[in-house]
Amino acid sequence: MFVGHYAASLALKKFEKRASLGVLFLAVQLVDILFFPFVLLGIERINIIENYTQSTHFQLEYMPFTHSLLGSALWAAAAYALFRWVFIKNHAIALVVALAVFSHWVLDLVVHTPDLPLWSDSSLKLGFGLWNNAIATYVLEAALLLGALSVYLKSTTASTATGRYGMGVFVVFLLLVNVLNIFGPLGSDSKVQLAVSALAAYFVFAAVAFWLDKKRN
Ligand SMILES: [Zn+2]
509 MFVGHYAASL
519 ALKKFEKRAS
529 LGVLFLAVQL
539 VDILFFPFVL
549 LGIERINIIE
559 NYTQSTHFQL
569 EYMPFTHSLL
579 GSALWAAAAY
589 ALFRWVFIKN
599 HAIALVVALA
609 VFSHWVLDLV
619 VHTPDLPLWS
629 DSSLKLGFGL
639 WNNAIATYVL
649 EAALLLGALS
659 VYLKSTTAST
669 ATGRYGMGVF
679 VVFLLLVNVL
689 NIFGPLGSDS
699 KVQLAVSALA
709 AYFVFAAVAF
719 WLDKKRN
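Residue numbers (the working numbering): 509 to 725.
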């Protein structure tokens, strides 16, 4: 799952308005933000295979550290600890950041083919396989994102025109990006290029979310 993860960021903002939406955008993708460098370092493995599923061009071969249930829980706990005792130092904010980190695994579970281990690579691997149906994958991500956008817009108020329309325009942009992501051809079989473009997207999207969120209160 790609842009659908941001549904968790937008929805969690309702529960803790002091949490930065930029941080929540990074938190929901934390395990992917770690996965790509891990791939380049040879710690985890992805194989680029054209049309491996209807929605993806890759096989996720080995990712117990970032995408196991145990790994995700530990990254969420680490995020909690960081925001509880190092930055911000607030229990409620730390909790929503941790939930955002953990939400990645739960949403991935629906779309991935059975490649999400419970704890180690030899443990049971789960994934309900929605990626095998590109339209259903797209519709699910869009529905999640639009539903969460409405929660976010109802729970915050705009102070400027940018604040009023910005987040809606941004979500439409994310939905367009996801058309290319799900239905687009395999652009390149370079793992470095895949990693760089994914990481750039995660950080740019988080920066835009951070900026637009400042226009609402
Ligand atoms: Zn992932």
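C-beta atoms are modelled at their ideal positions from N, C-alpha and C, and glycine is treated no differently.
A quick note: this is a predicted structure, and the numbers were derived from the prediction, not measured.
Could you work out which residue in Val614, Leu720 and Phe533 is closest to Thr665 when comparing CA atoms only? That would be Leu720, whose Cα lies nearest to the Cα of Thr665.
Exposed or buried, Trp639, counting other C-beta atoms within 10 Å across all chains shown (16 or more means buried)? Buried, since its Cβ has 16 or more Cβ neighbours within 10 Å.
So who's on the other strand from Leu568, going by DSSP bridges? Per DSSP, the beta bridge partners of Leu568 are Ile554.
Who's in the neighbourhood of ligand 1, going by beta-carbon under 5 angstroms from any heavy atom, listed in chain order? Chain-ordered list of matching residues: Asp540 and Asp616.
Could you check which residue in Ser658, Ala642, Ala608 and Val647 has the C-alpha nearest to that of Phe533? When Ser658, Ala642, Ala608 and Val647 are compared, the shortest CA-CA separation from Phe533 is found for Ala608.
Helix, strand or coil for Arg724, going by three-state DSSP, please let me know. Strand, per DSSP.
Does the beta-carbon distance from Glu569 to Asn555 come in below 8 angstroms? Yes; because the gap between Cβ atoms is below 8 angstroms, this pair is in contact.
What separation, rounded to the nearest whole angstrom, lies between the Cα atoms of Trp613 and Tyr673? Just so you know, the alpha carbons of Trp613 and Tyr673 end up roughly 30 angstroms apart.
By the three-class DSSP mapping on this structure, what secondary structure does Lys521 have? Three-state result, Lys521: helix.
Within 8 angstroms, do at least three Cβ pairs link the segment 625–633 to the segment 535–552? They do not touch, by the three-pair rule.
Suppose contacts are defined by Cβ-Cβ distances below 8 angstroms. Is Leu682 in contact with Leu653 by that definition? Against a cut-off of 8 angstroms, the Cβ pair of Leu653 and Leu682 comes out as a contact.
From Ser658, Ile557 and Ala535, pick the residue whose C-alpha is nearest to that of Asp697; which is it? Nearest option by C-alpha distance: Ile557.
Output the distance between the C-alpha atoms of Phe718 and Ala585, rounded to the nearest integer angstrom. Take the alpha-carbon of Phe718 and the one of Ala585: they are about 23 angstroms apart.
Helix, strand or coil for Ala587? Go by DSSP, reduced to three states. Residue state, collapsed to three classes: helix.
Nonlocal neighbours in the same chain, by C-beta distance under 7 angstroms from Asn725, ignoring five residues either side: The residues are Thr664, Thr665 and Ser667.
Residue span of the alpha helix (DSSP H) that contains Pro545, given as start and end: Unbroken alpha helix (DSSP H) run through Pro545: Leu538 to Leu548.
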